[in-house]
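Notes follow the structure.
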Amino acid sequence: MAWGSDLTIHQFRVFDTVVNCGSFTRAALTLDIPQPAISRIVGRLESEVGTRLLNRSNTGVTLTAAGERFHANAIGAVRHHDLALEEARASSGLLIGDVVIAAPDSVAGVLFAPLVQSMKARHQKVSLRTIAAQSIDIPAMVAAGSVDIGIIADTHVQPSGLRDPLFKEDLYLTGPKSAAVFQKRDVTVSEASALPLILNAMPGGLRSLIDEGFAETRSKPNVIIEIDANNALLDLLIEGAGFSILPYSLVASSRSQDYLGAARLIEPTLSRTLYLITPPGKPVRSVVGEAIRQLRHVTAQRSAYARWRHVDRE
1349 MAWGSDLTIH
1359 QFRVFDTVVN
1369 CGSFTRAALT
1379 LDIPQPAISR
1389 IVGRLESEVG
1399 TRLLNRSNTG
1409 VTLTAAGERF
1419 HANAIGAVRH
1429 HDLALEEARA
1439 SSGLLIGDVV
1449 IAAPDSVAGV
1459 LFAPLVQSMK
1469 ARHQKVSLRT
1479 IAAQSIDIPA
1489 MVAAGSVDIG
1499 IIADTHVQPS
1509 GLRDPLFKED
1519 LYLTGPKSAA
1529 VFQKRDVTVS
1539 EASALPLILN
1549 AMPGGLRSLI
1559 DEGFAETRSK
1569 PNVIIEIDAN
1579 NALLDLLIEG
1589 AGFSILPYSL
1599 VASSRSQDYL
1609 GAARLIEPTL
1619 SRTLYLITPP
1629 GKPVRSVVGE
1639 AIRQLRHVTA
1649 QRSAYARWRH
1659 VDRE
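Numbered as in the working numbering, the sequence shown ends at 1662 without a single skipped number.
Written out as structure tokens, the structure is:
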């Protein structure tokens, strides 16, 4: 196949949008380009390539076998193009580009607002998008390239790719502030086992860490409710339905500090390390590197508020 001289990055971007949207109509709305123009751009692209790239039907479009191979390479070409522009601009001191960061709710509530403000104050042409997501889902989002920087707990660290420890956090017994147990700063896991507990239901991650702590003391948690919605869980705690075991950052960022008490769990201490991860096999763009530097700076500023502890970098 001979490549035509008229293939452009613009064509690749339009084609990628059509593929992601699944139809010419939705792509036209996304790009704010008339649908006939998008159809002509893709048709011209197929003519240049010399084969059909899309299956068209009344319900939308799908990639042909040739289209799948072409799409993967077209995306790579767009990324290399964008990276070349970003690096050239960065070398002259100008940072321009998009950065997507994903973090669990507990971390997002503490870091995202000051991070966005910090980046906007320093780099007005950088667009920072933040996503609060389940820690278990973030490695896949990073590996797929839809997220540039992920923050995950050590229970969900991906086996490959760049990762960098950010901080360590302990787990706290949390519940109604008036409860007698919160007259102490620390509570043993055995003491917590006697209380009515509302815990995350999802296996792995935080729940595994909690279960391991109870197993170590040979005690059994008195679980009265299992729930995987953090806001609903906090509402139940405020209403006096029971106690929970959570990172303190989730309490600190929930606007419920006036109603909830917290005591650090000990014997054993339950803690986890949070990592920064970036897509495996991809160079870290200058704009992403700057976002990581600002993220570390904001983390240091907010550590006392969230009761995070320093961890040495590997």
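We treat Cβ as the ideally placed atom computed from N, Cα and C, and that holds for glycine.
This structure is a prediction, so every number in the text was calculated from the model and none was measured.
Q. Does DSSP classify Asp1496 as helix, strand or coil?
A. The count along the sequence shown starts at 1 and reaches residue 1496 at position 148. If DSSP states are grouped into helix, strand and coil, Asp1496 belongs with coil.
Q: Could you spell out the range, first to last residue, of the alpha helix (DSSP H) harbouring Ile1558?
A: Counting from 1 along the sequence shown, the entry for residue 1558 is found at position 210. Here the alpha helix (DSSP H) through Ile1558 covers Gly1553 to Glu1564.
**Q.** Beta carbon of Gly1553 nearer than 8 angstroms to that of Thr1617
**A.** Sequence index remark: in the sequence shown, residue 1553 carries index 205 (1-based). Sequence index remark: in the sequence shown, residue 1617 carries index 269 (1-based). Against a cut-off of 8 angstroms, the Cβ pair of Thr1617 and Gly1553 comes out as no contact.
Q: On the DSSP bridge assignment, give the partners of Phe1515 in chain order.
A: Reading the sequence shown from its first residue, position 167 is the one you call residue 1515. Answer is Leu1622, bridged to Phe1515.
Q | Rounded separation between Pro1507 and Phe1460 - CA only | A | Position 159 of the sequence shown, counted from the start, is the residue given in the question as residue 1507. Position 112 of the sequence shown, counted from the start, is the residue given in the question as residue 1460. Interpretation of Pro1507 is limited by its pLDDT of 49, a score under 50 that renders its predicted location unreliable; the figure taken from the coordinates is listed afterwards. Their backbone Cα atoms lie some 26 angstroms apart in a straight line.
Q: Take the Cβ of Arg1650 as the centre, count every other Cβ of all protein chains shown within 10 Å, and call the residue buried at 16 or more, exposed below.
A: Locating residue 1650 in the sequence shown gives position 302, where the first residue counts as 1. The residue in question, Arg1650, is buried, as its Cβ has 16 or more Cβ neighbours within 10 Å.
**Q.** Counted within 10 angstroms of its Cβ, other Cβ atoms place Gln1642 as buried (16 or more) or exposed
**A.** On the sequence shown, residue 1642 is found 294 positions in, with the first residue counted as 1. Counting Cβ neighbours within 10 Å, Gln1642 comes out buried, since at least 16 surround it.
Q. Can you list, in chain order, the residues of its chain whose CB lies under 8 angstroms from that of Ser1541, leaving out five sequence neighbours each side?
A. For the purposes of this step, residue 1541 is taken as residue 193 along the sequence shown, with counting starting at 1. Result list for Ser1541: Phe1562, Thr1565, Ser1567, Lys1568, Pro1569 and Asn1570, in chain order.
Q) Which first and last residues belong to the beta strand (DSSP E) in which Glu1574 is found? A) Within the sequence shown, residue 1574 is the residue found at index 226, counting from 1. Taken as a continuous stretch (DSSP letters only), the beta strand (DSSP E) holding Glu1574 covers Asn1570 to Glu1574.
Q: Pull up the DSSP beta-bridge partners for Val1474, would you.
A: Along the sequence shown, one-based indexing puts residue 1474 at 126. The partner list for Val1474 (beta bridge, DSSP) reads Gly1445.
(Q) So, at 8 angstroms on beta carbons, what are the nonlocal neighbours of Ser1526 in its own chain, with the 5 sequence-adjacent residues on each side left out? (A) Taking the sequence shown and counting its residues from 1, the one referred to as residue 1526 is at position 178. Hits under 8 angstroms: Gly1609.
Q: Take the Cβ of Asn1406 as the centre, count every other Cβ of all protein chains shown within 10 Å, and call the residue buried at 16 or more, exposed below.
A: Counting from 1 along the sequence shown, the entry for residue 1406 is found at position 58. Classification for Asn1406: exposed.
(Q) If contacts are defined as beta-carbon pairs under 8 angstroms, then Leu1594 and Tyr1653 qualify, I think. What distance do you get, rounded to the angstrom? (A) Position 246 of the sequence shown, counted from the start, is the residue given in the question as residue 1594. Position 305 of the sequence shown, counted from the start, is the residue given in the question as residue 1653. Contact between Leu1594 and Tyr1653 does not hold, since their C-beta atoms are separated by about 15 angstroms, which reaches or exceeds 8 angstroms.
(Q) Per the DSSP calculation, Ala1610 is bridged to which residue(s)? (A) Mapped onto the sequence shown, residue 1610 falls at position 262. Per DSSP, Thr1522.
**Q.** Cβ-based burial, Arg1470 [other Cβ within 10 Å; buried from 16]
**A.** Residue 1470 sits at position 122 when you count from the first residue of the sequence shown. A residue is called buried when at least 16 other Cβ atoms come within 10 angstroms of its Cβ; Arg1470 does not meet this threshold and is exposed.
Q.
Buried or exposed, going by whether 16 or more other CB atoms sit within 10 Å of the CB of Pro1382?
A. In the sequence shown, counting from the first residue as 1, residue 1382 sits at position 34. Exposed, because fewer than 16 other Cβ atoms sit within 10 Å of the Cβ of Pro1382.
**Q.** Given His1658 as reference, the closest of Lys1630, Ala1549, Asp1576 and Asp1512 once Cα atoms are compared
**A.** On the sequence shown, position 310 is the one that residue 1658 refers to. When only C-alpha atoms are compared, the closest one is Asp1512.
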